Structures are given as structure tokens and as C-alpha cells.
């Protein structure tokens, strides 16, 4: 009787170990990603009829390919690195989350600072930044910047943009002097690079723009005129919020929180 019990226990232990080993093997086996091009521009150049959707890219100098959403219709070959259409995905994130990215590529997301740096780091090519904006009244506008790039993490992913063109106004350089975001590092609620120590706005002393403007990360400079990562507000409740989704050279004078935004990069 005792021998039968011991044999049954041994069988159960063997089954348990086998299942555990199989589960472990299942977890560590990941599909290998095969690059379709160094960015969405290269994919569009090689396949002119390519449709918008998720692709796998591998920029120069990057060891592992990664997935992105490519916008192939708007002049073709844009790599989308930011999209907001509502409040389901929170942009109140810390430095690590903004570095690595969050959200869903086909929906609202932030691709990640490390990946945007990889897309713009090459000295062999230049990049264009295109910012798309939509309001709640059916209007839209865009801002486009040549020579777009960001620094590496040691440089706090410092923003650098060149010549502007568009219909939304140059909010990155600011609606008034002294708030130019060009040349500033990225700030989050747990890492402050906004230049406020403090910043004085009337009778208000502001020390951290990220906290006061909705908790999202951005290239703040004395807060500034652009912040697409503030709190998202629905129609009818989107005017008057200092913490909203702003591009202040387009909508105003009262703070106007936008319905949707998109940021894309294209190599030239």
C-alpha cells in the first residue's frame, strides 16, 4: 500500500515538473522580428503601394527591430510616434514609460523616446516632424519642422527642430518670447528639465510644468505654448483648462484642449 502511494506521488511530481518546464519554455520562446526597412519612408520607397498599418523597422545602429505604425497616405512613408484621440490611454506616465513607450500602435500611443532617438540619430539623413491637430468643431491644422531630431538619454532627449511651416503656428518656439521649447530636454513628473526654478506667471510660482499641466511628459521650457500630453477633456468641457492638450498658437485665446493629435517623422 505504501509503495503504491509513493509511486503515485512520484508520478504527480514528475507531471508537475514536466508542465512547469513546458510553461517555462513557452514563456521564453518569442517570435523573431524581421525588419521590413529602416523606417516607414524606406518601406514606402521600396513598396509604393504599401498601405497604412503596422510594420517592423530597424533604424541604422539599432540591434533589434521593432514594430511601428506607418502612415502611408499623407505624403507617404511617415512613422507615427504619437497619437491621441481620447482619454482611454493615460499620458500621465513616468520617465521610464516615456522612454520605452506605451499604448496601442493602431490606437492611442507613445512610441518611446529611445525609439524616436533611434529614428533621428543618423548623420546620413535628415528628418521632418509633422504634428497633426484636430479640434471638436471639425477643424484641423498642422505644423511641420525640418531637421528634426532628439538627443540621447544622457542629453535628456533634447529637442531640436529647424524651419517651421504649416497652419497651426509655431507653438514649439512659443506664442511669446522666453518660452522656446527648441533645445530643451524632455520632462516628466519624476524628472524635471523645464528650466523653472521657479517660473513666475503673474502671482504664481511654478516649479514643475509637467505636474501643473496634466502630469504628462513633454519638452517644456518655462512650460511653453505646446503640450500634447496634458489631460484630455471631452467636447463641451475642453475650454479653460491649463492642464489640457494644447497647441496655443492655433486655438485661443482661452486655453483650448484639442480633440486629437498625431506626431510623425519622415526621413529625407
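In UniProt numbering, the protein residues as written are 1 to 268.
Ideal Cβ placement from N, Cα and C applies to all residues, glycine included.
Note that the structure is a prediction, hence the values are computed from the model and not measured.
Practice item. Might you give, ordered along the chain, the residues of its own chain that have their beta carbon closer than 8 Å to the beta carbon of residue 162, omitting 5 neighbours on each side? Key: Numbered from its first residue, the chain shown carries residue 162 at position 162. Only residues of its own chain outside the window of five on either side were considered, and among them 145, 146, 147 and 148 have a CB closer than 8 Å to the CB of residue 162, listed in chain order.
Check your understanding: Taking contact to mean at least 3 C-beta pairs separated by less than 8 Å, is the region 47-55 in contact with the region 65-78?
Key -> With the cut-off at 8 Å, the region 47-55 and the region 65-78 touch.
Practice item. For residue 61, count neighbouring Cβ atoms within 10 angstroms of its own Cβ and tell me buried if that reaches 16, exposed if not. Key: Working through the chain shown from its first residue, we reach residue 61 at position 61. Of the other Cβ atoms in all chains shown, fewer than 16 fall within 10 Å of the Cβ of residue 61; this residue is therefore exposed.
Exercise for review: Could you check the C-alpha separation between residue 135 and residue 143 for me, to the nearest Å?
Suggested key: The residue you call residue 135 lines up with position 135 of the chain shown. The residue you call residue 143 lines up with position 143 of the chain shown. Their backbone Cα atoms lie some 14 Å apart in a straight line.
Point to revise | C-beta contact flag for residue 127 and residue 251 at 8 Å | key: Numbered from 1 along the chain shown, position 127 holds the residue referred to as residue 127. Numbered from 1 along the chain shown, position 251 holds the residue referred to as residue 251. No. Outside cutoff.
Review point. Can you list, in chain order, the residues of its chain whose CB lies under 7 Å from that of residue 24, leaving out five sequence neighbours each side?
Key: To locate residue 24, count along the chain shown from 1; it is residue 24. Residue placement at residue 24 is flagged as unreliable, the pLDDT there being 48, under the threshold of 50; a coordinate-derived value is accordingly withheld.
Check your understanding: Which stretch, first to last residue, makes up the beta strand (DSSP E) that contains residue 55?
Key -> On the chain shown, position 55 is the one that residue 55 refers to. Note, residue 55: beta strand (DSSP E), 53-57.
Check your understanding: Is DSSP giving residue 97 helix, strand or coil here?
Key -> On the chain shown, residue 97 is found 97 positions in, with the first residue counted as 1. Here residue 97 sits in helix by DSSP.
Review point. Since residue 301 is in the alpha helix (DSSP H), which residue starts that stretch and which ends it?
Key: It is not possible to answer for residue 301, since the shown part of the chain is limited to 1 through 268.
Practice item. Return the Cβ separation of residue 93 and residue 169 in integer angstroms, given the expectation that the two are a contact with Cβ distance under 8 Å. Key: Counted from its first residue, the chain shown places residue 93 at position 93. Counted from its first residue, the chain shown places residue 169 at position 169. With a Cβ gap of about 27 Å, residue 93 and residue 169 do not count as contacting.
Point to revise | Rounded separation between residue 200 and residue 187 - CA only | key: Numbered from 1 along the chain shown, position 200 holds the residue referred to as residue 200. Numbered from 1 along the chain shown, position 187 holds the residue referred to as residue 187. Residue confidence for residue 200 is low, a pLDDT of 43 falling below 50, so the modelled location carries little weight and cannot support an answer.
Review point. Does the distance from the C-beta atom of residue 111 to that of residue 91 stay below 8 Å?
Key: Within the chain shown, the letter at position 111 stands for residue 111. Within the chain shown, the letter at position 91 stands for residue 91. No.
Check your understanding: In terms of residue numbering, what span does the alpha helix (DSSP H) encompassing residue 219 cover?
Key -> Mapped onto the chain shown, residue 219 falls at position 219. Where residue 219 is concerned, there is no enclosing alpha helix (DSSP H), given that its DSSP letter is neither H nor E.
Check your understanding: Is residue 222 near the ligand NAP, going by C-beta to nearest heavy atom under 7 Å?
Key -> Inclusion of the ligand NAP in the displayed structure is not the case, the ligand content being empty and no account of it being possible.
Practice item. Compare the beta carbon distance of residue 239 and residue 254 with 8 Å and say whether it is the shorter of the two. Key: If you number the chain shown from 1, residue 239 lands on position 239. If you number the chain shown from 1, residue 254 lands on position 254. Yes, Cβ-Cβ distance for residue 239 and residue 254 is below 8 Å.
Exercise for review: Going by CA-CA distance only, name the one from 47, 159, 86 and 38 that's closest to residue 231.
Suggested key: Working through the chain shown from its first residue, we reach residue 231 at position 231. Closest by alpha carbon: 86.
Practice item. Measuring alpha carbon to alpha carbon, tell me which of 166, 105, 190 and 48 ends up nearest residue 140. Key: The count along the chain shown starts at 1 and reaches residue 140 at position 140. Scanning 166, 105, 190 and 48 for the CA closest to the CA of residue 140 turns up 166.
Review point. Is the distance from the Cβ of residue 156 to the Cβ of residue 193 below 8 Å?
Key: Within the chain shown, the letter at position 156 stands for residue 156. Within the chain shown, the letter at position 193 stands for residue 193. The answer is yes: Cβ separation under 8 Å.
Check your understanding: To the nearest angstrom, how far is it from the Cα of residue 100 to the Cα of residue 153?
Key -> Locating residue 100 in the chain shown gives position 100, where the first residue counts as 1. Locating residue 153 in the chain shown gives position 153, where the first residue counts as 1. Those two C-alpha atoms are separated by around 11 Å.
Review point. How would you call residue 268, buried or exposed, if buried means at least 16 neighbouring beta carbons within 10 angstroms?
Key: Counting from 1 along the chain shown, the entry for residue 268 is found at position 268. So residue 268 counts as exposed.
Check your understanding: Whole-angstrom Cβ separation of residue 173 and residue 264, contact assumed at under 8 Å?
Key -> Taking the chain shown and counting its residues from 1, the one referred to as residue 173 is at position 173. Taking the chain shown and counting its residues from 1, the one referred to as residue 264 is at position 264. Your pair residue 173 and residue 264 does not check out as a contact, with CB atoms roughly 20 Å apart and the cut at 8 Å.
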